Amino acid sequence: EKRVAIKKDTQQAAKRHQTDLENETKYGCSKLAMNYLQIPDNLQRAADAVKADDMAEDKELKKMHAGVLQMQKVVSQALKSLGISKMEVEGATFDPQMHEAMFAMEMPGKDPNTIFHIMEPGYMIHDRCLRAAKVGVVRG
Numbered sequence: 001e002k003r004v005a006i007k008k009d010t011q012q013a014a015k016r017h018q019t020d021l022e023n024e025t026k027y028g029c030s031k032l033a034m035n036y037l038q039i040p041d042n043l044q045r046a047a048d049a050v051k052a053d054d055m056a057e058d059k060e061l062k063k064m065h066a067g068v069l070q071m072q073k074v075v076s077q078a079l080k081s082l083g084i085s086k087m088e089v090e091g092a093t094f095d096p097q098m099h100e101a102m103f104a105m106e107m108p109g110k111d112p113n114t115i116f117h118i119m120e121p122g123y124m125i126h127d128r129c130l131r132a133a134k135v136g137v138v139r140g
């Protein structure tokens with residue numbers, strides 16, 4: 001009877017250890033990735049700062065803007081290779097586990113608790129929230 005209990009405990013410990021190893025492999029880069037999320041954030045800010053009219057007048061600016069867009073793609077693919085993806089939250093229902101409400105506004109004709117503005121994108125690592133999206137929500 002003692003042997004059976006010891007064997008069962010050993011099997012459970014081995015299973016728990018295997019699960020811990022899998023989670024470490026899957027989510028181990030989370031802390032590092034959090035620090036690097038400022039890269040896609042800043043690339044987006046740079047892309048958004050350039051106006052179409054300015055690019056029409058300045059060919060160098062247009063080339064630089066194209067370079068920023070290309071860098072966004074490269075960074076996105078690098079993050080994707082680590083299992084990190086940008087959340088698509090506009091129009092979604094607010095979820096405090098995935099979103100951080102920065103402000104709320106009444107908006108007639110829109111459902112309460114609907115996200116209508118994204119201040120800072122959120123990211124997932126596999127099936128977990130890496131960084132909550134900072135959003136504006138319809139007040140209800």
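With the first letter of the sequence shown counted as 1, position 91 gets the number 91 in UniProt numbering; the numbers rise by one all the way through.
We treat Cβ as the ideally placed atom computed from N, Cα and C, and that holds for glycine.
The structure displayed is predicted, hence computed values, not measured ones.
So residue i and residue j are supposed to be a Cβ contact under 8 angstroms. How far apart are they, rounded?
| i | j | result |
| --- | --- | --- |
| Glu-100 | Asp-41 | Incorrect: roughly 15 angstroms between the Cβ atoms, too far for contact. |
| Tyr-123 | Met-64 | Contact doesn't hold; Cβ gap of about 26 angstroms is too wide. |
| Val-138 | Asp-95 | At roughly 14 angstroms, the Cβ-Cβ gap does not stay under 8 angstroms, so Val-138 and Asp-95 are not in contact. |
| Leu-43 | Arg-131 | With 8 angstroms as the limit, Leu-43 and Arg-131 do not qualify as a contact, their Cβ atoms being about 16 angstroms apart. |
| Met-107 | Phe-116 | 6 angstroms |
Have a look at the DSSP bridge pairing and note the partners of residue i.
| i | result |
| --- | --- |
| Tyr-123 | Lys-86, Arg-131 |
| Ile-118 | Val-135 |
What's the call for residue i, buried or exposed, on a 16-neighbour Cβ count within 10 Å?
| i | result |
| --- | --- |
| Val-4 | exposed |
| Gly-136 | buried |
| residue 150 | Here the chain comprises residues numbered 1 to 140, so residue 150 is not present and cannot be evaluated. |
| Leu-32 | exposed |
| Leu-69 | exposed |
| Leu-79 | buried |
| Ile-125 | buried |
| Ile-6 | exposed |
Next item on the list: Please specify which runs of the alpha helix (DSSP H), each continuous and at least 4 residues long, are wholly inside the region 43-114, giving them in chain order.
Entry: 52-57, 59-81
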